[in-house]
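Below you'll find the structure, written out as C-alpha cells, and then a few comments.
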Amino acid sequence: MRINNFNYYIKQASKSFRQNKLMSIASVTTTFAALFILGIFILLTLNVNHWADDFSRSCQIQVFISDELSAEEYDALGSEILKLESVEEIEKYTKTQIFEEMRIKLKEKANILDGLENDNPFRNSYKITLSDLNETKTVINALEKLDGIENITDFQESATLIVKVVDSIKAASLWLMAMLLIISAFIVSNSVKISVYARRREISIMKYVGATDWFIRWPFVIEGIIIGIYGAVICFLVMWIAYFSISKSISIPMLTLLPFSSVWLPLALSFVIVGVVIGSVGSIFSIRKHLKV
Amino acid sequence: MIIARNVGKRYEEGNEVLKNVNFIIDKGEFVFLVGASGAGKSTLIKMFLRETVPSEGEFIMNNTNIATLKHKDIPYFRRALGVVFQDFRLLEDMTVYENVEFAMTIVGASKRLKRKKIPIILNQVGLQSRAKAYPSQLSGGEKQRVAIARAIINNPSILVADEPTGNLDPETAHEIMELLNEINKKGTTVIVATHAKEIVDDMQKRVIAIENGTIVRDEEKGVYGYEN
Ligand SMILES: Nc1ncnc2c1ncn2[C@@H]1O[C@H](COP(=O)(O)OP(=O)(O)OP(=O)(O)O)[C@@H](O)[C@H]1O
Ligand SMILES: [Mg+2]
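One line per chain: the protein sequences are Y and L, in this order. Mapping of the first sequence onto numbering that gives the first Met the number 0: residues 0 to 292, in sequence order. Mapping of the second sequence onto numbering that gives the first Met the number 0: residues 0 to 227, in sequence order.
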C-alpha cells in the first residue's frame, strides 16, 4: 500500500461508513454478537482450564505404602512412580506428617491420639498429580503392579465426568461461534456491497483512469475493518462489565472466576484479530464482481 | 500506433457487431469515427479501452495485443490512454480541481507534482477560474472540459472520446472539438466517435465510416457523409 494514498483510503472508507449508516450499525451489531459468543467461549475456556487445574490438584491419587518397606525402599518406590506415564508430580506424605495434620484437624479432641506417637497407625504415602485426568485408570492399573503399595485412593469417576462436561460445553460453543462468525462476515459483506453499489460510478471512472484492483479495494476493505473494530471495542467493553458483575455475584467456593486482569489480553487480542478478519474477508467478497471489467 | 487486423466482435447472443475491421492509426493522428446509430462505433471505442476484446482478429495498441493482456496489467495499459464520454462522468461530490486530482491520485502522483500540474492543465482547458466549483455549478461545456482535463492530466499518448459533444449545443461542441484538436497538435493521438456532421466536415480530418459493423470508408481529410 502506498503511504501517499493511505489518507485517501481512510477518508473514503469512513465516508462510506457514515453515509451507509443503517447497514453499518447492523453489521457492527452482528459482529458484536459473534464476538460476544467468541468472548464467552474464551472466558469459559480460560476459567474451565483454571478450574480443571485446581480440580486435578484436588483429584490427586494417594498411595499408601506398606510398613515393611525401609526408608530407602520408600524413596525408591517414589522414583518408580514418577517414571510412570501421565504422572506429573509426586509429593511425599509420611505417616508422621499425617499424624501431625490429624492432630491439628481434631483440635480439642486431639487427646485421643495421645500415646500413639510411637505406634503410629497411619501409613507412609505419596500424593500423585496426573498430567491428564483421562489417564487416571491407566495410572492406577500401573500402580497396582508395583510392589509395596498397600492401598490406593482416587476420584476417577468424578474426574472423567468433569472432563466430559467441560469438553461438550467447549464443542457446543465452538460450533455456535463458527456459525455466528460466518453469518457476521456475510452481513458485513452485504453492508460493504451497498457501499460498493453507491460508489459504482466512481469505481468505473477509477478503472478507466487506470486504478489497480487494490487501489479500488482498499477503501472498502478498510470500511469492513472499521466495522469489525467497532464491533470488537463495543463487545470488549460489554464483556468487561458483564464479567465484573458475574464474578461478584458468584459465591460457590470452588468456582471463583479468574480476575479480569488475567483474561483481558487474550480476549482483546482475539476480538481485534477476528473483527479485522471478518471485516476484510466480508468486504473482499463484496467487490470481486466489480473488479472484472 | 494502433492496428486493427480483421477485427470481428460477436456477442453471446450471436449478433455480429463488428466484421472484418482493418485500419492503422499512426502516432499523432486525429481520427473521426462516424456511422449511424448502432453501427458499432462505441463497440470499437470499447476495444481501445480494453473494455472488450475482439472475438476474431487482432487489436494491437502501442505494441500490446489487447486480447492477451493480463488482468493485472490492464490498469497500467489504461494509464497510457485518456478517455472522454458523452455524459462527462464526473464525481459530483468533488470540485473541478479534485476531479482532476483524483486521476493523479490513482496513479500515485506526489502532492508536489499535483500542485504543479493541475493549474497548468486547468489553464489549458480554460477552467483556471472554476477550480473550486462543483460539477452541478458548471455548464455542459465546462463539465466536458473538466473531463478532458482529467483525461490528459497523466500525459496519455492516446485520447479516446465517444460522442464528446453529444450533449452540447453546436457552438460549445465546436469549442470542445477545437480543444481536442489543440491537444492533438501537442502530439497526442486523438480518436473521436461522433454524429457532429458540421464539425467533421469543417475540420478536414481523417474519417473512418462504419456501417453495420464494417468499415465502408476511410479517408484523409474526409467528410461526415451522412444526413443526420
Ligand atoms: N453488451 C452487448 N451485448 C449485445 N449486443 C450489444 C452489446 N453492446 C452493444 N451491442 C449491440 O451492438 C451494436 C452496436 O452498438 P454500438 O453501441 O457500438 O453502436 P454505436 O455505433 O455506438 O451507436 P450510437 O451512435 O447509437 O452510439 C448494437 O446493435 C447494439 O445493440
Ligand atoms: Mg455509441
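C-beta: ideal position from N, C-alpha, C; glycine also. These numbers were taken from a predicted model, which means no experiment stands behind them.
- Spatial neighbours of H289 (chain Y) in its chain, beta-carbon cut-off 8 Å, leaving aside the 5 residues before and after: Taken in chain order, the residues that qualify are V195, R199, I202 and I215.
- In terms of alpha-carbon separation, which member of L:Q203, L:N211 and L:G212 lies closest to V30 (chain L)? Cα-wise, what sits closest to V30 (chain L) is L:Q203.
- 8 Å Cβ cutoff met for D200 (chain L) and Y223 (chain L): Between D200 (chain L) and Y223 (chain L), the C-beta gap is smaller than 8 Å, which places the two residues in contact.
- Query: Got a sec: does ligand 2 put a non-hydrogen atom nearer than 7 Å to the Cβ of K8 (chain L)?
  - Reply: K8 (chain L) Cβ: outside cutoff for every heavy atom of ligand 2.
- Quick one: list the residues of chain Y neighbouring T104 (chain L), beta-carbon separation under 7 Å, in chain order. What T104 (chain L) touches in chain Y: N4 and Y7.
- Message: Within 10 Å of its beta-carbon, does E141 (chain L) have 16 or more other beta-carbons around it, so buried, or fewer, so exposed?
- Response: Classification for E141 (chain L): buried.
- Message: Among L:N21, L:I119 and L:V124, whose alpha-carbon lies nearest the alpha-carbon of G56 (chain L)?
- Response: Taking G56 (chain L) as reference, the option from L:N21, L:I119 and L:V124 with the minimal CA-CA separation is L:N21.
- Item | Own chain residues within Cβ distance below 7 Å of D161 (chain L), not counting five before or after | Shown here for D161 (chain L): same chain residues with a beta carbon closer than 7 Å to its own, the five before and five after excluded, namely S41, I44, F84, Q85 and A192 in chain order.
- Query: At which residue ranges does the stretch 80-114 of chain L contain complete beta strand (DSSP E) runs of 3 or more residues, listed in the order of the chain?
  - Reply: Qualifying beta strand (DSSP E) stretches, in chain order: 80-84.
- Message: Alpha carbons only, please: which of L:A108, L:A150, L:P53 and L:E50 is nearest the one belonging to V95 (chain L)?
- Response: Taking only the C-alpha atoms, the option nearest V95 (chain L) is L:A150.
- Message: When you compare the CB positions of G278 (chain Y) and G209 (chain Y), do they come within less than 8 Å of one another, or not?
- Response: With a cutoff of 8 Å on beta-carbon distance, G278 (chain Y) and G209 (chain Y) are scored as not near each other.
- Item | the stretch 193-206 of chain Y: positions lying closer than 9 Å to chain L by Cβ | Under the 9 Å Cβ criterion, the stretch 193-206 of chain Y contributes R200, E201, S203, I204, M205 and K206.
- D86 (chain L): CB within 7 Å of a non-hydrogen atom of ligand 4: Annotation note on ligand 4: not contained in the displayed structure, which lists ligand 1 and ligand 2 as its ligands.
- Query: Taking 7 Å as the line, does the beta carbon of E50 (chain L) fall inside it for any heavy atom of ligand 1?
  - Reply: E50 (chain L): no, Cβ never under 7 Å from ligand 1.
- Return the residues of the stretch 210-228 of chain Y that lie within a Cβ-Cβ distance of less than 8 Å from chain L, sorted by chain order. If the cut-off is 8 Å between Cβ atoms, the stretch 210-228 of chain Y has A210, T211, D212 and F214 near chain L.
- Take T29 (chain Y) as the anchor and find which of Y:M178, Y:N123, Y:E143 and Y:M205 has the nearest alpha-carbon. Checking every option, the nearest Cα to that of T29 (chain Y) belongs to Y:M178.
- Task: Hey, could you find the ends of the beta strand (DSSP E) G7 (chain L) is sitting in?
- Result: Boundaries of the beta strand (DSSP E) harbouring G7 (chain L): I1 to R9, taken from the DSSP string.
- Query: Do the stretch 117-127 of chain Y and the stretch 87-102 of chain Y meet, that is, are 3 or more Cβ pairs less than 8 Å apart?
  - Reply: By the Cβ criterion, the stretch 117-127 of chain Y is in contact with the stretch 87-102 of chain Y, since at least three pairs of Cβ atoms, one from each stretch, lie closer than 8 Å.
- Query: Just the Cα atoms here: how many angstroms apart are T44 (chain Y) and T137 (chain Y)?
  - Reply: About 26 Å.
- Is any beta-carbon of chain Y found at less than 8 Å from that of L90 (chain L)? Taking Cβ atoms only, chain Y reaches closer than 8 Å to L90 (chain L), which makes this a yes.
- Query: Taking three-plus beta-carbon pairs below 8 Å as touching, is the stretch 24-42 of chain Y in contact with the stretch 267-282 of chain Y?
  - Reply: Remark: three or more beta-carbon pairs, one from each stretch, lie closer than 8 Å, so the stretch 24-42 of chain Y and the stretch 267-282 of chain Y are flagged as touching.
- Item | Residues surrounding ligand 2 [beta-carbon distance to nearest heavy atom under 7 Å] | The set, ordered by position in the chain, is L:K40, L:S41, L:D161, L:E162 and L:A192.
- Exposed or buried, R129 (chain L), counting other C-beta atoms within 10 Å across all chains shown (16 or more means buried)? Buried is the call here.
- Query: Can you pull the DSSP bridge partners for S124 (chain Y)?
  - Reply: Looking at the DSSP assignment, S124 (chain Y) forms a beta bridge with Y:F63 and Y:Y92.
- Message: Just checking G37 (chain L) against ligand 1 - is the residue's beta carbon closer than 7 Å to any of the ligand's heavy atoms?
- Response: With a cutoff of 7 Å, G37 (chain L) counts as near ligand 1, since its C-beta is closer than that to a heavy atom of the ligand.
- Item | 8 Å Cβ shell around S65 (chain Y) - same chain, five flanking residues per side excluded | Excluding sequence neighbours, S65 (chain Y) sits near R122, G147, I148 and E149.
- Task: With DSSP as the reference, label R216 (chain L) as helix, strand or coil.
- Result: Note: R216 (chain L) maps to strand in three-state DSSP.
- Task: With 8 Å as the threshold, decide whether the Cβ of V165 (chain Y) is near any Cβ in chain L.
- Result: Judged by the 8 Å Cβ criterion, V165 (chain Y) is not in contact with chain L.
- Measuring CB to CB, does V191 (chain Y) end up less than 8 Å from S261 (chain Y)? A distance of 8 Å or more separates the beta carbons of V191 (chain Y) and S261 (chain Y).
- Query: For L167 (chain L) versus Q143 (chain L), is the C-beta distance shorter than 8 Å?
  - Reply: Yes. Within cutoff.
- Query: Among the residues of its own chain, which have a CB less than 7 Å from the CB of I186 (chain Y), if the five just before and after it don't count?
  - Reply: Excluding residues within five positions, the ones whose Cβ falls inside 7 Å are A25, S26 and T29.
- Message: Residues of the stretch 57-80 of chain L in Cβ contact with chain Y at a cutoff of 9 Å, in chain order, please.
- Response: Residues of the stretch 57-80 of chain L with a Cβ closer than 9 Å to any Cβ of chain Y, in chain order: H70, K71, I73, P74, Y75, F76, R77, R78, A79 and L80.
- Roughly how many angstroms lie between the CA atoms of F63 (chain Y) and A267 (chain Y), to the nearest whole one? Whole-angstrom Cα-Cα distance: 47 Å.
- Report yes if the C-beta of G34 (chain L) is less than 7 Å from at least one heavy atom of ligand 1; otherwise report no. Yes, the Cβ of G34 (chain L) comes within 7 Å of a heavy atom of ligand 1.
- Message: On the DSSP letters alone, give me the boundaries of the beta strand (DSSP E) that R205 (chain L) sits inside.
- Response: Residue range R205 to E210 is occupied by the beta strand (DSSP E) that includes R205 (chain L).
- Which of the three DSSP states, helix, strand or coil, is assigned to D133 (chain Y)? A small fix is needed here, since residue 133 (chain Y) is Asn in this sequence, not Asp. In the displayed model, N133 (chain Y) falls within a helix according to three-state DSSP.
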